[in-house]
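Q: For the sequence shown, position 430 (counting from the first letter as 1) is numbered 420 according to this note's numbering, and the numbering increases by one without interruption.
In this text, a Cβ means the ideal position worked out from N, Cα and C, and glycines have one as well.
Take this structure, written in structure tokens, and hold onto it; I'll ask about it next.
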Amino acid sequence: MAKTSTSFFCKNCGASSPKWVGKCPACNEWNTYIEEVIHKEKTDFKSTWKKDTHGRSLKPVLLEDVEKGGEQRISIQDLELARVLGGGLVPGSVVLIGGEPGIGKSTLLLQVALQFKNKKVLYISGEESETQIKMRAERIPFSNNNCYLFTETSTQKIGKAFTEIQPDIVIVDSIQTLQSDLIDSTPGSISQIKETAGDMIRFAKETGTPVFLIGHITKDGTLAGPKLLEHMVDTVLQFEGDRHHVYRILRSTKNRFGSTNEIGIYEMQSGGLREVSNPSEILISQRDEALSGVAISATLEGMRPLLIETQALVSAAVYGTPQRNSNGYDAKRLNMLLAILEKKCGLRMGMQDVFVNIAGGLRVEDPGIDLGIVAAIVSSYENIPIDSKICFVGEVGLSGEIRAVSRIEQRISEAEKLGFKTVYLSKFNKLPKSKSGLNIVEVGKLDELLGFLFG
Ligand code: TYD
Ligand code: MG
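And the structure:
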């Protein structure tokens, strides 16, 4: 008879303790301990698979003695994913992809699985049946006759499948559904996630096989399970977007093998996710007449220049407290811009409801779009449209000054590529004298800009 015991785990960092504690001694968070049943028995996640030490030696070596040898990456067809990963898959790496339900995580990874040619892919699903996955695969216009499905949740059985199939790439959908026979607690609990993720990582490292793990996220948008999970894996990607919009953004929040500045953009279509290689064209809505309250900003998402459309609506407040609402832009920053407009430009924003929306369901954190936001707000306030060939770039400071932004050349060349005629930017952005065909207007203060635009 196996011994059953319970243990307490910290929801935040995964630390364990034999008794309940109010404050986690490891991460100092309060009230994060929960009780789980542990039932240890002697069975193990067998490592009978083909080993590949992968240039790793079994004893400590001098850093100097390690041979350089360029890292061999496995190339991925999906260029957006490859970009986010830093240019291909690193053998033995573990990539965790998180995102809200229905955002398209399973679709993305199934698609990636089907795009591999001459690679044996094992897609493990604890969420859907084989027929469901087959139905999904039929919608996707790729095929790989070396893609195996396995609808199993026990890591011990999955370990056997690894030995049998010897996959080149493994996809696990999702880590929260896996369970280890060693532990009695339910799948998705902290101890199960720790154990099963540990098993998958061990497999990846010992055999040099890349593993993708799909992870659920909690209500507040963080990956479910212990924070520890994010420390254990090599790369953490976040798949996000508004479910009501077709655009999805793949962002990396941790990457041991590349920069976390890159993003990938996809469009959800009836036949799977389409890579969007020129995002600006779709983020700017097509319109045949000039509308007030619309301004275009040149921003950067990671290293990619992107032109986005800001829409603003300013209307007289009917209730005592005016409403402020912002989609895709920091609401606190919006309040700050409104206060600057009130104080420095004399616009009576305190009496107005203000709504701001970034088109396409995008969320932008770059302060370089401040100028575009202000232009859209004032355009709506004055009810004067802005010429659709004008684009804005600049950060607004608290005293109404317009500050320089980074990588201005890249932003401007993107605007030029898309046929813009005029760019408003900070006079502090020193531009190299180039033969750009754009009309560049340098502004130092917000009221100067408003003078130029609205007279
Ligand atoms: P899914 O990959 O199941 O999301 P997740 O695994 O993140 O929960 O994606 C589900 C949504 O994607 C679903 O609402 C239907 C939609 N979808 C398409 O629009 N086109 C497609 O080709 C596929 C496969 C799914
Ligand atoms: Mg899914």
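1) Have a look at Trp10 and Thr(-4) and give me their C-alpha separation to the nearest angstrom.
2) Give a yes or no on whether the C-beta atoms belonging to Ser179 and Gly116 are separated by under 8 angstroms.
3) Please say whether Phe(-2) and Ser447 have beta carbons closer to each other than 8 angstroms?
4) Could you compute how far the alpha carbon of Gly283 sits from the alpha carbon of Ser133?
5) What I want to know is whether the C-beta of Lys124 ends up closer than 7 angstroms to one or more non-hydrogen atoms of ligand 2.
6) Taking only heavy atoms of ligand 1 into account, decide whether any of them is closer than 7 angstroms to the Cβ of Thr243.
7) Any contact of the segment 264 to 272 with the segment 97 to 111, i.e. 3+ C-beta pairs under 8 angstroms?
8) Would you give the residue range spanned by the beta strand (DSSP E) that Trp258 belongs to?
9) Hey, Thr300 and Ile359 are a contact pair by Cβ (cut 8 angstroms); roughly how many whole angstroms apart?
10) Looking only at C-alpha atoms, which of Leu408, Glu385, Phe444 sits nearest to Lys417?
11) Is the segment 387 to 404 in contact with the segment 338 to 354, if contact means three or more CB pairs nearer than 8 angstroms?
12) Please look up how many angstroms separate the CB atoms of Pro200 and Ile159, rounded, as I've assumed it's under 8 angstroms.
13) Please go through the segment 230 to 315 and give each complete alpha helix (DSSP H) segment of 4 or more residues, from N-terminal end onward.
14) Using a Cβ distance threshold of 8 angstroms, determine whether the segment 137 to 151 contacts the segment 187 to 195, with at least three qualifying pairs required.
15) Label Ala103 either buried or exposed according to how many other C-beta atoms from any shown protein chain fall within 10 Å of its C-beta, with 16 as the threshold for buried.
16) Quick test of your reading: Leu436 and Ile330, contact by CB under 8 angstroms. State the CB separation rounded to the nearest angstrom.
17) Note down, in chain order, each residue of its chain lying with its Cβ closer than 8 angstroms to the Cβ of Glu332, except the 5 sequence neighbours on either side.
18) Using 10 angstroms around the beta-carbon of Asp174, count the other beta-carbons present and answer buried if the total reaches 16, otherwise exposed.
19) Please determine if the segment 371 to 382 and the segment 395 to 413 are in contact, where contact requires at least 3 C-beta pairs separated by less than 8 angstroms.
20) Which residues in the same chain have their Cβ closer than 7 angstroms to the Cβ of Met(-9), if we skip the five residues on either side of it in sequence?
21) Looking at C-beta atoms only, is the number of pairs between the segment 304 to 311 and the segment 256 to 265 that lie closer than 8 angstroms three or more?
22) Residue ranges of each beta strand (DSSP E) run of no fewer than 3 residues wholly in the segment 148 to 215, ordered along the chain?
23) What are the partner residues of Gly88, as DSSP defines its beta bridges?
24) Can you tell me whether DSSP reads Arg485 as helix, strand or coil?
25) Go through its chain and collect everything with a Cβ distance to Ser6's Cβ below 7 angstroms, but skip five positions before and after it.
26) From what residue to what residue does the beta strand (DSSP E) around Ser403 run?
27) Using only Cβ atoms and a threshold of 5 angstroms, which residues come within that distance of a heavy atom of ligand 1? Order them by chain position.
28) If you compare alpha carbons, which of Tyr256, Ala288, Ile207, Ile376 is closest to Pro91?
29) Out of curiosity, what's the CA-to-CA distance linking Ile114 and Ile87?
30) Taking the straight line between their C-alpha atoms, what separation do you get for Asn429 and Thr97?
31) Would a C-beta distance cut-off of 8 angstroms place Arg454 and Leu100 closer than the cut-off?
32) Going by the C-beta, is Glu446 closer than 7 angstroms to any heavy atom of ligand 2?
33) In or out: Glu404 buried (at least 16 other Cβ within 10 Å) or exposed?
34) Which residues in the same chain as Glu25 place their Cβ atom closer than 6 angstroms to its Cβ, once the five residues preceding and following it in sequence are excluded?
35) Pop quiz: Leu324 and Arg314 are said to be a contact at Cβ under 8 angstroms. What is the actual Cβ separation, rounded to whole angstroms?
36) On a Cα-Cα basis, can you pick out the residue from Leu52, Leu219, Leu71 that is closest to Arg238?
A: Looking at the coordinates:
1) Looking up residue 10 in the sequence shown gives position 20. Looking up residue -4 in the sequence shown gives position 6. One C-alpha to the other measures close to 11 angstroms.
2) Reading the sequence shown from its first residue, position 189 is the one you call residue 179. Reading the sequence shown from its first residue, position 126 is the one you call residue 116. Not in contact: Ser179 and Gly116 (Cβ atoms no closer than 8 angstroms).
3) There is no way to answer for residue 447, as the model of the chain reaches only from -9 to 445.
4) The residue labelled residue 283 in the question sits at position 293 within the sequence shown. The residue labelled residue 133 in the question sits at position 143 within the sequence shown. Taking the straight line joining both Cα atoms gives about 46 angstroms.
5) Here residue 124 is taken as the residue at index 134 of the sequence shown, counted from 1. No, ligand 2 has no heavy atom inside 7 angstroms of this Cβ.
6) Within the sequence shown, the letter at position 253 stands for residue 243. For ligand 1, not one heavy atom lies less than 7 angstroms from the Cβ of Thr243.
7) Output reads no: the segment 97 to 111 does not touch the segment 264 to 272.
8) As a first step, residue 258 is located in the sequence shown; it is residue number 268 there, counting from the start. Residue 258 is actually Met in this sequence, not Trp. Looking at the DSSP string, the run of the beta strand (DSSP E) that includes Met258 is 253 to 259.
9) The residue you call residue 300 lines up with position 310 of the sequence shown. The residue you call residue 359 lines up with position 369 of the sequence shown. At roughly 7 angstroms, the Cβ-Cβ gap stays under 8 angstroms, so Thr300 and Ile359 are in contact.
10) As a first step, residue 417 is located in the sequence shown; it is residue number 427 there, counting from the start. When each option's Cα is compared against that of Lys417, the closest is Glu385.
11) Counting Cβ pairs under 8 angstroms, fewer than three are found: no touch.
12) Taking the first residue of the sequence shown as 1, we reach residue 200 at position 210. Taking the first residue of the sequence shown as 1, we reach residue 159 at position 169. Here Pro200 really is in contact with Ile159; their C-beta atoms are around 6 angstroms apart, less than 8 angstroms.
13) 269 to 273, all fully within the segment 230 to 315.
14) Contact holds between the segment 137 to 151 and the segment 187 to 195, because three or more Cβ pairs, one in each stretch, are under 8 angstroms apart.
15) Along the sequence shown, one-based indexing puts residue 103 at 113. By the neighbour-count rule (16 or more Cβ atoms within 10 Å), Ala103 is buried.
16) In the sequence shown, the residue the question calls residue 436 occupies position 446. In the sequence shown, the residue the question calls residue 330 occupies position 340. About 7 angstroms; that satisfies the 8 angstroms criterion.
17) By 1-based counting over the sequence shown, the position of residue 332 is 342. So the qualifying residues of the chain are Arg338, Met339, Gly340.
18) Counting from one through the sequence shown, the residue named residue 174 turns up at place 184. Answer is buried; the Cβ neighbour count reaches 16.
19) Yes, they touch.
20) Here residue -9 refers to the residue found at position 1 of the sequence shown. Because the pLDDT at Met(-9) is just 45, under 50, the model does not fix this residue reliably, and the point stays unresolved.
21) Cβ pair count under 8 angstroms is below three, so no.
22) For the segment 148 to 215, whole beta strand (DSSP E) runs of length 3 or above, ordered along the chain, are 159 to 163, 201 to 206.
23) The residue labelled residue 88 in the question sits at position 98 within the sequence shown. Paired residue(s): Gly205, Gln228.
24) Residue 485 is absent from the structure shown; the chain starts at -9 and stops at 445.
25) Locating residue 6 in the sequence shown gives position 16, counting from the first residue. For Ser6, the CB contacts under 7 angstroms within the same chain, skipping 5 residues up- and downstream, are Ser(-3), Phe(-2), Phe(-1) in chain order.
26) Residue 403 sits at position 413 when you count from the first residue of the sequence shown. Where Ser403 is concerned, there is no enclosing beta strand (DSSP E), although the alpha helix (DSSP H) it sits in stretches over 398 to 407.
27) Selection output, chain order preserved: Pro91, Gly92, Ile93, Gly94, Lys95, Ser96, Thr97, Arg126, Arg129, Met258, Gly262.
28) Here residue 91 corresponds to residue number 101 of the sequence shown, with the count starting at 1. Of the candidates Tyr256, Ala288, Ile207, Ile376, the one whose C-alpha sits nearest the C-alpha of Pro91 is Ile207.
29) Taking the first residue of the sequence shown as position 1, residue 114 is located at position 124. Taking the first residue of the sequence shown as position 1, residue 87 is located at position 97. Approximately 15 angstroms, taken between the alpha carbons.
30) Start at 1 with the first residue of the sequence shown, and residue 429 comes out as number 439. Start at 1 with the first residue of the sequence shown, and residue 97 comes out as number 107. Distance between the alpha carbons of Asn429 and Thr97 is about 44 angstroms.
31) No statement about residue 454 is possible, as the shown extent of the chain runs from -9 to 445 and does not include it.
32) Since the first and last residues shown for the chain are -9 and 445, residue 446 lies out of range.
33) Residue 404 sits at position 414 when you count from the first residue of the sequence shown. Under this definition Glu404 is a buried residue.
34) Counting from 1 along the sequence shown, the entry for residue 25 is found at position 35. For Glu25, the CB contacts under 6 angstroms within the same chain, skipping 5 residues up- and downstream, are Thr(-4), Phe(-2) in chain order.
35) Residue 324 sits at position 334 when you count from the first residue of the sequence shown. Residue 314 sits at position 324 when you count from the first residue of the sequence shown. Yes, they are in contact, since the Cβ atoms of Leu324 and Arg314 sit about 6 angstroms apart, within 8 angstroms.
36) Locating residue 238 in the sequence shown gives position 248, where the first residue counts as 1. Nearest C-alpha to Arg238: Leu71.
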